[in-house]
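Enquirer: Here you go, one structure.
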Amino acid sequence: MVRRGNGVEVGLAVVERSDSGILLAGWRSLDLTLNAATAGTALDVGWASESELLVLRTGGALEVSVTRQSQDGSTSTDLGPSESAALTRLAVMAGRQAVALTNGGVAYRFDGEFNWSLVFTAVDAVAYSG
4 MVRRGNGVEV GLAVVERSDS GILLAGWRSL DLTLNAATAG TALDVGWASE SELLVLRTGG
64 ALEVSVTRQS QDGSTSTDLG PSESAALTRL AVMAGRQAVA LTNGGVAYRF DGEFNWSLVF
124 TAVDAVAYSG
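Residue 20 in my numbering sits at position 17 of the sequence shown, and the numbers go up by one each step.
Laid out in structure tokens, this is it:
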């Protein structure tokens, strides 16, 4: 995720490390409008598998959802949640269920498309080790 003007852009790049520093080469933006009427803004992102990302994004009318996005941008699947508003953070790890956190400290676990189960309240952060 990079900030461009007033927005945030999600993309992929090759990280090249050398004695002179770190360089991002070959930046390629991902289209977040495949399943949405509006472009929205990315809030958080994580690798769900070797070839897919989960993107927490806002849409129109204060809608917040998670999408599964292929790394080449060819497919995007809306995973919901349809009723949980105010999600702000996403914890993702390949082989594990994603966990999303609201700004009120409520954590939801992804159990299937549009099925996010409440797992914790009064939480400050969510993360997977690694």
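We treat Cβ as the ideally placed atom computed from N, Cα and C, and that holds for glycine. Keep in mind that this is a model prediction, so the values were computed, not measured.
Using only the alpha-carbon positions, how far apart do Gly83 and Trp30 sit?
Expert: As a first step, residue 83 must be located in the sequence shown, where it is residue number 80. As a first step, residue 30 must be located in the sequence shown, where it is residue number 27. Taking the straight line from one Cα to the other gives about 28 Å.
Enquirer: Relative to the alpha-carbon of Ser73, which residue among Leu90, Leu33, Gly43 has its alpha-carbon at the smallest distance?
Expert: For the purposes of this step, residue 73 is identified with residue 70 of the sequence shown, where counting begins at 1. If we check each option's Cα against that of Ser73, Leu33 comes out closest.
Enquirer: What's the C-alpha gap between Thr80 and Val13?
Expert: Within the sequence shown, residue 80 is the residue found at index 77, counting from 1. Within the sequence shown, residue 13 is the residue found at index 10, counting from 1. Each residue's alpha carbon lies about 16 Å from the other.
Enquirer: Go ahead and label Thr78 buried or exposed: buried means 16 or more other beta carbons lie within 10 angstroms of its beta carbon, across all protein chains shown.
Expert: Within the sequence shown, numbered from 1, the residue matching residue 78 stands at position 75. So Thr78 counts as exposed.
Enquirer: Do Val126 and Leu104 have their C-beta atoms closer together than 8 Å?
Expert: Here residue 126 refers to the residue found at position 123 of the sequence shown. Here residue 104 refers to the residue found at position 101 of the sequence shown. Yes, they are a contact pair.
Enquirer: Relative to the C-alpha of Leu57, which candidate in Arg6, Glu116, Ile25, Arg20 has its C-alpha closest?
Expert: Within the sequence shown, numbered from 1, the residue matching residue 57 stands at position 54. When each option's Cα is compared against that of Leu57, the closest is Glu116.
Enquirer: Would Val11 and Ala45 be called neighbours here (beta carbons separated by less than 8 Å)?
Expert: Taking the first residue of the sequence shown as position 1, residue 11 is located at position 8. Taking the first residue of the sequence shown as position 1, residue 45 is located at position 42. Yes, the pair counts as a contact, with Cβ atoms nearer than the cut-off.
Enquirer: CA-CA distance, Val109 and Ser23?
Expert: Here residue 109 is taken as the residue at index 106 of the sequence shown, counted from 1. Here residue 23 is taken as the residue at index 20 of the sequence shown, counted from 1. Cα to Cα, the separation comes out at about 43 Å.
Enquirer: For Thr124, which residues of its own chain have a beta-carbon under 7 Å away from its beta-carbon, when the five flanking residues on both sides are left out?
Expert: The residue you call residue 124 lines up with position 121 of the sequence shown. Only Gly108, Val109 meet the Cβ criterion.
Enquirer: According to DSSP, is Phe117 helix, strand or coil?
Expert: Sequence index remark: in the sequence shown, residue 117 carries index 114 (1-based). Coil, per DSSP.
Enquirer: Identify, in the order they occur along the chain, each residue of the same chain with its Cβ nearer than 8 Å to the Cβ of Ala51, setting aside the five sequence neighbours on each side.
Expert: Locating residue 51 in the sequence shown gives position 48, counting from the first residue. Closer than 8 Å at the Cβ level, and outside the excluded window around Ala51, lie Leu57, Arg71, Val95, Ala97, Ala101.
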